[in-house]
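One structure is given here, and the rest of the page talks about it.
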């Protein structure tokens, strides 16, 4: 059977992800944020993480790229680092007042972009799409974990 590689879910999801990234980037840039910073901003805002290690785990990225992103965010005045009272070698990371003030606008812009991208979808279809993508991500995480542990 001759399958069209460009019609596979993997390729279509990749196209959709790039489209969302472009849309989000254009709406976040005027607020001083980058789309790649979103997991960090959300984790810090919601108190889900406060160290570089926790943020890397939360955002599902390796430590070196997280360190680079945090350095840029600190340079741009989005985060501040303070010594961790429990561990002198580590630092706690918090959003600056400026970043905190811009977050509601950024979140509103992202939700608006999602609504526009899902125009013509019913609420049930949008919910089902989110559920299916969540399951797909879980499957991909399991595959990656299995391949990492078998490579040890």
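In full-length UniProt numbering, the protein residues as written are 1 to 152. Cβ atoms here follow ideal geometry from the backbone N, Cα and C, with glycine treated the same way.
Would you be able to state if there are at least three C-beta pairs under 8 Å between the segment 62-81 and the segment 24-39? Touching, yes, given that three or more Cβ pairs across the two stretches are closer than 8 Å.
Is there contact here, the segment 85-102 with the segment 36-47, by at least three beta-carbon pairs under 8 Å? Enough Cβ pairs lie closer than 8 Å, so yes.
Would you kindly check if the distance between the Cβ of residue 53 and the Cβ of residue 90 is under 9 Å? Yes. Within cutoff.
Could you check how far apart the C-beta atoms of residue 106 and residue 118 are, in whole angstroms? I think they sit under 8 Å. In fact, because the Cβ distance is near 19 Å, the residues do not count as touching under 8 Å.
Please state whether DSSP places residue 61 in a helix, a strand or coil. Coil, per DSSP.
At which residues does the beta strand (DSSP E) containing residue 94 begin and terminate? Under the DSSP assignment, residue 94 falls in the beta strand (DSSP E) whose first and last residues are 87-95.
Local conformation of residue 80 per DSSP, three classes: Of the three classes helix, strand and coil, the one that applies to residue 80 here is strand, per DSSP.
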